[in-house]
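J.: Before anything else, here's the structure in question.
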Amino acid sequence: YLKPRELSLLEEAYQYSRKAHQGQFRKTGEPYVSHPVAVSQILTSWNLDAPALIAALLHDVVEDTHITKSEIGQKYGEVVADLVDGVSKLDKISFESQKHEQAENFRKMLLAMAKDVRVMLIKLADRLHNMRTISAMSESSRKRIARETLDVFAPIAERLGLKNIQNEMQDHAFHALLPNVAEKLTKKIQELSGNRKEAINKIRKKIEKALIHSDLSAEVDGRQKSLYSIYHKQKNKNLSFDQIHDVFGIRVIVKSVKECY
-5 YLKPRELSLL EEAYQYSRKA HQGQFRKTGE PYVSHPVAVS QILTSWNLDA
45 PALIAALLHD VVEDTHITKS EIGQKYGEVV ADLVDGVSKL DKISFESQKH
95 EQAENFRKML LAMAKDVRVM LIKLADRLHN MRTISAMSES SRKRIARETL
145 DVFAPIAERL GLKNIQNEMQ DHAFHALLPN VAEKLTKKIQ ELSGNRKEAI
195 NKIRKKIEKA LIHSDLSAEV DGRQKSLYSI YHKQKNKNLS FDQIHDVFGI
245 RVIVKSVKEC Y
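Under the numbering used here, the first residue of the sequence shown carries the number -5, and numbering increases by one thereafter.
So this is what it looks like as structure tokens:
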């Protein structure tokens, strides 16, 4: 969706980031540049603009290399430099309290510091990719990062309307904090999914057929409740898995209502 000139700048920024991170590796063993590339790819799925994608490719260079904000500004403009600087400032804040009240204050502080919403979106994409590769971290780091993700970043994703990102973050964090519980719950869902999914598909098809003859334009899809949300509901309401009746469901998104004459 980018213009040719923007694509050219993006390619140039990738090469710039690759050279800046030369010789640096992630805990997974991959070249470090694979991380900013993955962050940028996540942002493309949200259709973010070229400055945000370029900033995503460069978001760690000020922190981890000799390159300065001023150099980025001269090469890619002040907007990109400010986005990179904004993400760097968020990275310097350490959340250590386990109290819910403190987590809420921390979320407010992060959102206030990210004056440009693109800064927070880059940070969320950064955290999402780190959660996808969290298994490479030590156990203590996994638990600390997972707790922070549940308390701070997943709620921010929800606040910004990124429900899918919130769910994925929570599920990764759940696996990191309570791997045995998460594995058992996953197996229970798999055992249940066969018959339930078949029933959900039949209902979905009936709704789609009815919509064709209605004045509604809508999308219909079957969904599975996220792993963490099932666990959270069990814990908060003291329910067994068998008492959770919305593991699978139907979602109808109404796009428009046709005019009737």
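Cβ atoms here follow ideal geometry from the backbone N, Cα and C, with glycine treated the same way.
Give the secondary structure of Asp236 by DSSP, where H, G and I count as helix, E and B as strand, and everything else as coil.
T.: Secondary structure at Asp236: helix, using DSSP grouped into helix, strand and coil.
J.: Could you please give me the residues that DSSP links to Ile247 through a beta bridge?
T.: Ile247 is bridged to Glu213.
J.: Assign Pro173 to one of two classes, buried (16 or more other C-beta atoms within 10 Å of its C-beta) or exposed (fewer than that).
T.: exposed
J.: Tell me which residue opens and which closes the alpha helix (DSSP H) that Ile159 is part of.
T.: Boundaries of the alpha helix (DSSP H) harbouring Ile159: 157 to 171, taken from the DSSP string.
J.: From this set, Lys13, Val78, Phe242, Thr143, which residue's C-alpha is nearest Ala193's C-alpha?
T.: Minimum Cα distance to Ala193 is reached at Phe242.
J.: Closest to Asn158 by C-alpha separation, out of Ser2, Ile36, Ala176, Pro30, would be which residue?
T.: For Asn158, the closest C-alpha among the options Ser2, Ile36, Ala176, Pro30 is that of Ile36.
J.: I'd like the ranges of any beta strand (DSSP E) spanning at least 3 consecutive residues and lying wholly in the stretch 36 to 68.
T.: none
J.: Output yes or no for whether 7 Å exceeds the beta carbon distance between Leu51 and Ser34.
T.: yes
J.: CB-CB under 8 Å to Leu118, same chain, minus the five flanking residues each way: which ones, in chain order?
T.: Phe147, Ile150, Ala151, Leu154, Leu156, Ile159
J.: What is the DSSP secondary structure of Gln18, counted as helix, strand or coil?
T.: coil
J.: Would you mind sorting Phe100 into buried or exposed? The rule is 16 or more other CB atoms within 10 Å of its CB.
T.: Counting Cβ neighbours within 10 Å, Phe100 comes out buried, since at least 16 surround it.
J.: With DSSP as the reference, label Phe242 as helix, strand or coil.
T.: strand
J.: Do Ile116 and His169 have their C-beta atoms within less than 7 Å of each other?
T.: No, the pair does not count as a contact, with Cβ atoms beyond the cut-off.
J.: I'd like the span of the alpha helix (DSSP H) that includes Lys(-3), first residue to last.
T.: Neither: Lys(-3) is in no alpha helix (DSSP H) and is coded neither H nor E.
J.: Rank Tyr225, Glu98, Lys109 by C-alpha distance to the C-alpha of Glu142 and give the top, closest one.
T.: Glu98
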